[in-house]
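2 protein chains.
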Amino acid sequence: MSKHKETPTTLPMMAEGAARSLLLLLCCLLSMLGGSLAWKARHFHWEVGYVFWKPDCQEKVMIGINGQFPGPTIRAKAGDIIVVELKNSLPTEGVVIHWHGIRQMGTPWADGTASLSQCPIKPDEVFVYRFKVDKPGTYFYHGHYGMQRAAGLYGSLVVEVADGEKEPFHYDGELNLLLSDWYHQDIYTQMVGLSSVPFRWIGEPQTLLINGKGQYNCSLAAHVVAEQSACEITSSSQCAPVTFRVLPKKTYRLRIASTTSLASLNLAIANHKMVVVEADGNYVQPFAVDDVDVYSGESYSVLIQTDQDPSSNYWISVGVRGRQPKTQPALAILNYYPNAAEKLPTSVPPVTPVWNDYTHSKSFTYKILALQGTPRPPSSSHRLMSLLNTQNKLNGYTKWSINNVSLVLPPTPYLGSIKHRLANAFVTVKPPESFPVDYNVMKPPVNPNTTQSSGVYMLEFNSTVDVILQNANALSENISEIHPWHLHGHDFWVLGYGEGRFTKNDVKSFNLKNPPLRNTVVIFPYGWTAIRFVADNPGAWAFHCHIEPHLHMGMGVIFAEGVELVGRIPKEAMTCGLTGKKFMNPYP
Amino acid sequence: MSKHKETPTTLPMMAEGAARSLLLLLCCLLSMLGGSLAWKARHFHWEVGYVFWKPDCQEKVMIGINGQFPGPTIRAKAGDIIVVELKNSLPTEGVVIHWHGIRQMGTPWADGTASLSQCPIKPDEVFVYRFKVDKPGTYFYHGHYGMQRAAGLYGSLVVEVADGEKEPFHYDGELNLLLSDWYHQDIYTQMVGLSSVPFRWIGEPQTLLINGKGQYNCSLAAHVVAEQSACEITSSSQCAPVTFRVLPKKTYRLRIASTTSLASLNLAIANHKMVVVEADGNYVQPFAVDDVDVYSGESYSVLIQTDQDPSSNYWISVGVRGRQPKTQPALAILNYYPNAAEKLPTSVPPVTPVWNDYTHSKSFTYKILALQGTPRPPSSSHRLMSLLNTQNKLNGYTKWSINNVSLVLPPTPYLGSIKHRLANAFVTVKPPESFPVDYNVMKPPVNPNTTQSSGVYMLEFNSTVDVILQNANALSENISEIHPWHLHGHDFWVLGYGEGRFTKNDVKSFNLKNPPLRNTVVIFPYGWTAIRFVADNPGAWAFHCHIEPHLHMGMGVIFAEGVELVGRIPKEAMTCGLTGKKFMNPYP
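Which chain is which? The protein sequence lines are B and A, in order.
Take 517 as the starting number for the first sequence in the working numbering and just add one per residue.
Take 517 as the starting number for the second sequence in the working numbering and just add one per residue.
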């Protein structure tokens, strides 16, 4: 459905004129050297609109792209330029699309983050996203305005190695699994509930989806699992089970990514071990596991061997972690050739680990280490900030706060307001970089009242920044939740994890040898996670909990660096708020 | 809840500098003559946002103003300036508010019509509506973007006579009844359904509302009407019955307006005759009736005498006309002092006329004639256009068309694109002013295929225009629907009505003596209605069926006149589409 045109052309992405000419020259030279070395511009024409869809057999209105859900998969090669001409055909809502995991070096206006990189695209208008995919890996894209991601606005983005390059592992074929969760309540109701007094929590999702398909209130495995009713599904229905056809005795790469609104997930395949080889677009030291934890915002590649009895098909099962699961596992079928795709496995689906077995989760997470050859972190940092994650109250509203500041996004995109030094675009008070030494992370906040701000952590360009993400007890006793934190515009090194409150001593335990590079990392209940990154990408960038309702409740911060070095921001990105006013003529 | 500040100030509404100074001078002079003659600027601070509400005892998400539904009632005096600072606090949707019945002489940018007078106000932004209410009458306001009116975005706007002036009738007190209908399906689902193949009609409303209150699936009159179940309502609930307290032996003015999405209504009060005295902000020759038809977009004032047995309360009943009613009547209570407000009448509620008794409706409509002293129409017109209303198909989609053109609204507001002569803002092909002589209005279209356009009927400034609204058979045999047509920016004279196809001979029957002035008029099934107006208001104006889904399906046309005379359009109104681009600096 996605109109897809590939042209071996011309326009590079760098910001300024000189770089542009230079690259143009380089490109021409490369073209002359032979087509296989040249990158491509990959053009897509997308239209965002409401669609009736039955992702879990129940019909709802979703936000789709080109009439389909999930959105079309983008496949590209490292070094390619992606050009998405996005038309907003929602009747009254603005829209943006974030390219999750793509660093947008030199194109910070293409990050697709409302209030940061651009103004929402207005109904009936077109915005052109043009950016380079510089690193092979498993990515995805999604709405980043209001809670539109949770309405189904997402899809896969797969970047293969450039022509002539090789992955550091072998595989014969590839399977793509985009995981998500699905609520029957529309996002408008969800948003107003989260912003109401009394607070109305969205609850657990009704269904888990694999590539946009799930089954509500029935099970594909009803014939082998007691207490579940069979699904009445035809193979043409939108909630028909996903089947992955494989040949026996081969190696397959499974690309797994999660764009859930809330759920932390675990994926297991009956009878098949998995070897993890990639996380968030970065290679990791291969390690074998029976199941894989995937938090919202994360992606992995795992290799499997199709070395099992080929007369059978096998369940792929996706279950909930970290929250008492009220949502049944999603199932898909690993279909060994030449079995019929619809031949249901006769074994019981693999049972994913118990939701609160954090030992299991930590064991998995701690195994993720950089593959040799991955850039190492600088040996020290210029700045250390500790970000305490707390659940709070603000005039009766329930919020999430970072160092007692709950993020409120401004109407003017930070990128424009910082670059053009616009007064009153956001709160200029510096947000705090630490929290009281006597704060007890094991208990509910003594004073639950919080504050709101749109303040920015201004980072020195090219400086190295350490962030300690410190988890804590929520508002109720004995509750501390998982939060997967996602950084825009950068990868970061995960230096370490720990229990309880981070102390100076913990610095000694930092892994500087082979810490994994990632864009999303989890903090475990009552624990801390330490990351390091180099502020080398001029722009304004969100760093936030990837749980959609948590971000909506203020769980994020804003980083900005080298904004004065940012090239010409396309006017089309700045037609709102104070940038809209500034960019306007006095009167035509 | 509405923050309301009255200041006896200064800023007049006229467009150009000279007029401004002149008016300022006049105003000062008037102020010196005495406060009673001076108009007031009435300031309102409104915030539009989602609210949980139970308009008919069932909780839904609605679009409210300042946390309430319906929006606050504006009361002003003729000559006042209304200033509404509207903040859009919807998370992702734009918004506008149309001031229905206010002509916006000199302020066409304040008409609150997306794609015509302004760009939608973006989330988190503020737009200031500033306009004069020059004529006393019963008006209302509502959203005019997508189908936001149907989400509850509306309220009353009452303009009293200026100080020192008198209404041409006496009354002791006033009651306000804003009528509407309510769907449990959200507007996003409604919109995508109307724009789907196969077509999904929204069906009949679940509930009729009086001042935003109704009762779903139960009846206040269950104790006197068989087959209905009683409502379980406390007096504090949002769907508690509306009660209007009156003193015996007095005259009351009931202001009645309808902002229904679909339903045509009829209102009756047990034991009380009504004398109609006003229609759409214009006085009419008083006439007595037992019940009043009110189509969407219309308003009336009626006088009642509280001359009945004062020991009883009386039902006010609102029922459906023109469509087989699947929605039960709305009830309110006329509460004679000193009876308890909650004392339910012991009689059966008045039964409104049978839905398809068009003879009754026509009889009522034909009685509406201008009060002596009302301006008369010019005796002839410069231009006559016939607008055939048909239901059609376009690539499988169901549409409504005017002379086989279904209106599609452009992203750039007409007001800006016409004034600044922007190319490619809308289709410049002139829309047709007539339809084939052999078109059989009594039958479904022989060729149901239609076309789409954003074309404009350009009217010569100050010319007199006659429009024949010609009804016809819909797509199915033996169906022709009621359509209430509403004109922005003008009142028009209703010259006459007729059955079947309008012919030249019918011109002779035009009433040029005392045709009523209105802004909304109905066309009856298989009939025609003739109107005349003077194109004396520089601007771009919508003329459309006021049924929300019909407009969404293309049932409207655009008129524009004297746009070159329009003063400085506030930049804030033009921040989208091609005007947004034109108004932007090359680069700051």
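Beta carbons: idealized from backbone N, C-alpha and C, even for Gly.
Can you tell me where the beta strand (DSSP E) holding residue i begins and where it ends?
{"i": "phenylalanine 934 (chain A)", "result": "Position check: residue 934 (chain A) holds isoleucine in this sequence, whereas phenylalanine was assumed. Segment 930–935 is the alpha helix (DSSP H) holding isoleucine 934 (chain A); no beta strand (DSSP E) there."}
{"i": "alanine 746 (chain B)", "result": "Element bounds for alanine 746 (chain B): n/a, residue is neither H nor E."}
{"i": "methionine 901 (chain B)", "result": "899–910"}
{"i": "tyrosine 655 (chain A)", "result": "653–659"}
{"i": "isoleucine 995 (chain B)", "result": "It is not in any beta strand (DSSP E) - isoleucine 995 (chain B) carries neither H nor E in the DSSP assignment."}
{"i": "leucine 847 (chain B)", "result": "846–852"}
{"i": "phenylalanine 1026 (chain A)", "result": "Taken as a continuous stretch (DSSP letters only), phenylalanine 1026 (chain A) belongs to no beta strand (DSSP E), as it is neither H nor E."}
{"i": "valine 957 (chain A)", "result": "Neither: valine 957 (chain A) is in no beta strand (DSSP E) and is coded neither H nor E."}
{"i": "threonine 914 (chain A)", "result": "913–918"}
{"i": "tryptophan 831 (chain A)", "result": "830–837"}
{"i": "arginine 892 (chain B)", "result": "That residue, arginine 892 (chain B), is in no beta strand (DSSP E); it is neither H nor E in DSSP."}
{"i": "glutamine 821 (chain A)", "result": "815–821"}
{"i": "threonine 767 (chain B)", "result": "767–774"}
{"i": "glutamate 968 (chain B)", "result": "Note that residue 968 (chain B) corresponds to glutamine in the displayed sequence, not to glutamate. Here the beta strand (DSSP E) through glutamine 968 (chain B) covers 967–969."}
{"i": "leucine 783 (chain A)", "result": "780–785"}
{"i": "valine 793 (chain B)", "result": "790–795"}
{"i": "serine 863 (chain A)", "result": "No beta strand (DSSP E) holds serine 863 (chain A); DSSP gives it neither H nor E."}
{"i": "serine 922 (chain B)", "result": "921–923"}
{"i": "aspartate 825 (chain B)", "result": "Where aspartate 825 (chain B) is concerned, there is no enclosing beta strand (DSSP E), given that its DSSP letter is neither H nor E."}
{"i": "phenylalanine 1008 (chain A)", "result": "1008–1015"}
{"i": "threonine 980 (chain A)", "result": "980–986"}
{"i": "proline 975 (chain A)", "result": "It should be pointed out that residue 975 (chain A) corresponds to leucine in this sequence rather than to proline. Segment 973–975, the beta strand (DSSP E) holding leucine 975 (chain A)."}
Mapping the DSSP letters down to three states, classify residue i as helix, strand or coil.
{"i": "alanine 886 (chain B)", "result": "strand"}
{"i": "glutamine 664 (chain B)", "result": "helix"}
{"i": "aspartate 809 (chain A)", "result": "strand"}
{"i": "glycine 728 (chain B)", "result": "coil"}
{"i": "valine 567 (chain B)", "result": "strand"}
{"i": "cysteine 544 (chain B)", "result": "The predicted position of cysteine 544 (chain B) is uncertain, since its pLDDT is 44 and thus under 50; a value taken from the coordinates is nonetheless stated next. Cysteine 544 (chain B) falls in the helix class under three-state DSSP."}
{"i": "valine 762 (chain B)", "result": "strand"}
{"i": "leucine 1094 (chain B)", "result": "helix"}
{"i": "serine 735 (chain B)", "result": "strand"}
{"i": "threonine 875 (chain A)", "result": "helix"}
{"i": "threonine 881 (chain B)", "result": "helix"}
Original post:
Between the region 602–632 of chain B and chain A, which residues of the former have a C-beta closer than 7 Å to a C-beta of the latter?
Top reply: For the region 602–632 of chain B, the set of positions with a beta-carbon nearer than 7 Å to some beta-carbon of chain A reads Pro607, Thr608, Glu609 and Gly610 in chain order.
Subject >> Sequence ranges, beta strand (DSSP E) only - wholly within the region 666–721 of chain B, length at least 3 >> reply: Segments of the beta strand (DSSP E) lying fully in the region 666–721 of chain B: 670–676 and 689–698.
**OP:** With a floor of 4 residues, list each alpha helix (DSSP H) that falls wholly inside the region 1043–1092 of chain A, ordered by position along the chain.
**Re:** Fully enclosed alpha helix (DSSP H) runs of 4 or longer: 1064–1068.
Original post:
Using a Cβ cut-off of 7 Å, which residues of the region 692–718 of chain B contact any Cβ in chain A, in chain order?
Top reply: Of all residues in the region 692–718 of chain B, the ones placed with a Cβ closer than 7 Å to any Cβ belonging to chain A are Asp702, Tyr704, Thr705, Met707, Val708 and Ser712, in chain order.
Original post:
Which parts of the region 574–648 of chain B are runs of the beta strand (DSSP E), unbroken and 3 residues or longer, counting only runs that do not cross its ends?
Top reply: Entirely contained in the region 574–648 of chain B, the beta strand (DSSP E) runs reaching 3 residues are, in chain order, 576–581, 590–593, 597–604, 613–616 and 642–648.
Original post:
With a cut-off of 8 Å, do at least 3 Cβ pairs link the region 681–688 of chain A to the region 633–646 of chain A?
Top reply: Output reads no: the region 633–646 of chain A does not touch the region 681–688 of chain A.
Original post:
Which residues, taken in chain order from the region 914–941 of chain B, show a beta carbon closer than 8 Å to some beta carbon of chain A?
Top reply: Listed by position along the chain: Pro926, Pro927 and His936.
Original post:
For the region 632–643 of chain B, which residues have a CB atom closer than 9 Å to at least one CB atom of chain A, in sequence order?
Top reply: Listed by position along the chain: Cys635, Pro636, Lys638, Pro639, Asp640 and Glu641.
Original post:
Is the region 618–626 of chain B touching the region 1078–1093 of chain B, taking contact as three or more C-beta pairs under 8 Å?
Top reply: The region 618–626 of chain B makes contact with the region 1078–1093 of chain B: 3 or more CB pairs, one atom from each, lie closer than 8 Å.
Original post:
Which residues, in order along the region 644–669 of chain A, keep a beta-carbon less than 7 Å from a beta-carbon of chain B?
Top reply: Within the region 644–669 of chain A, the residues whose Cβ lies closer than 7 Å to some Cβ of chain B are Tyr661, Gly662 and Gln664, listed in chain order.
**OP:** May I ask you to list, following chain order, the residues of the region 966–977 of chain B that have a beta carbon less than 8 Å from some beta carbon of chain A?
**Re:** Of all residues in the region 966–977 of chain B, none has a C-beta nearer than 8 Å to a C-beta of chain A.
**OP:** Please name the residues in the region 566–585 of chain B whose beta-carbon is closer than 9 Å to at least one beta-carbon of chain A, in chain order.
**Re:** Those would be Tyr566, Val567, Phe568, Lys576 and Val577, in chain order.
Subject >> Touch test, the region 835–843 of chain B against the region 736–751 of chain B, Cβ-Cβ under 8 Å, three pairs minimum >> reply: Output reads no: the region 736–751 of chain B does not touch the region 835–843 of chain B.
Subject >> Interface positions of the region 1051–1072 of chain A facing chain B (Cβ-Cβ less than 8 Å), listed along the chain >> reply: So nothing in the stretch comes that close.
Original post:
At a Cβ cut of 7 Å, what residues of the region 741–754 of chain A count as close to chain B, listed as they run along the chain?
Top reply: Within the region 741–754 of chain A, no residue has a Cβ lying closer than 7 Å to any Cβ of chain B.
Original post:
Any residues in the region 1077–1095 of chain A with a beta carbon nearer than 8 Å to a beta carbon of chain B? Which ones, in chain order?
Top reply: Taking 8 Å as the upper bound on Cβ-Cβ separation, chain B lies near residues Arg1084, Lys1087, Thr1091, Cys1092 and Gly1093 of the region 1077–1095 of chain A.
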